[in-house]
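S.K.:
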Amino acid sequence: MILTFIDLDGTIEDSRQDMAAAAAAVRKRLELSPRPEAELRALVNRGMDRLYRDCFPELFERAAMLNLDDHMALREAADNYAREYAARIVDSTRPYAGMPETLAALAAQGPLVCFTNKPEELSRILLDRLGLLGRFTRIMGGDSCAETKPSALPMRIAADDLNFTHERDQAIMIGDTNGDAAAAHAFGAKFIWCRWGYQSEAPERYDAAAEAPTQLPAILHKLCAP
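All the letters of the sequence shown, read from the start, carry residue numbers 26 to 251 under our numbering.
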């Protein structure tokens, strides 16, 4: 069996504009001072915890002033962001060119798991609205288990559910960031770096690089050849 994990944001699609618009809408909803969407756009691709803290720092500053645990601030930020993002989730977001056909080809070679730091429900909504959800055997989002990238725990959980074993099967991780690469290494998967993604500098460790989505099936086949 070839078990393929693939990242979502920056690998399958570029959702930064819609994420920034959602962050701007949250700030308006919570009566926080406006911030340019271009500024917010630079803050939304570093994981959800960083997004909440960087886009809505006032919530955490208020919690600190009141000597409150910042869990309440995180919950307020997450709930408001999920509402605003779901409302505009595909206003600007589209799959990268060739990605729908590529996902179909990858899914034909074995189980395909979307492994992302985006919350699972939002990931499902996004993939469904893009017409891609049916390609995936499993969605592992940032809240699907206790850990997320660069941890390999979500990969291990999905692999166990699919009866994957390293002795018999092969695993591939496809992504665009150091976090993707680190998770792949921790799990023991070969890593394909997507040059078109959010991270312009190559990770320290990768097994192959793709210039375009349409190259992924052939690269995967080569990496998994006996």
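For every residue, glycine included, the Cβ atom is placed at its ideal position computed from N, Cα and C.
#1: Return the CA-CA distance between Glu56 and Ala129, expressed in angstroms with no decimal places.
#2: For Asn70, which of Gly222, Asp94, Ala227, Ala206 has the nearest alpha-carbon?
#3: Mind pulling the beta strand (DSSP E) runs of 3 or more residues that sit fully within the segment 82-147?
#4: Decide if Asn92 is buried, meaning its Cβ has at least 16 other Cβ atoms within 10 Å, or exposed.
#5: Compare the C-alpha of Ile31 against each of Cys219, Lys53, Lys247 and name the closest.
#6: Taking the alpha-carbon of Ala98 as reference, which of Phe81, Ala209, Glu109 has the nearest alpha-carbon?
#7: Could you say which of Gly35, Gly72, Ala102 lies nearest to Ala50 if we only look at CA atoms?
#8: What did DSSP end up calling Ile164 once you bin it into helix, strand or coil?
#9: Is the distance from the Cβ of Ala45 to the Cβ of Arg66 below 8 Å?
M.R.: Short version:
#1: So the two alpha carbons sit approximately 44 Å from each other.
#2: It is Gly222 whose Cα lies nearest to the Cα of Asn70.
#3: Entirely contained in the segment 82-147, the beta strand (DSSP E) runs reaching 3 residues are, in chain order, 137-140.
#4: Residue environment for Asn92: exposed (fewer than 16 other C-beta atoms within 10 angstroms of its C-beta).
#5: The shortest C-alpha separation from Ile31 is found at Cys219.
#6: Answer by Cα proximity: Phe81.
#7: The candidate whose alpha carbon is nearest that of Ala50 is Ala102.
#8: Looking at Ile164 - three-state DSSP - the assignment turns out to be strand.
#9: Contact flag set, yes.
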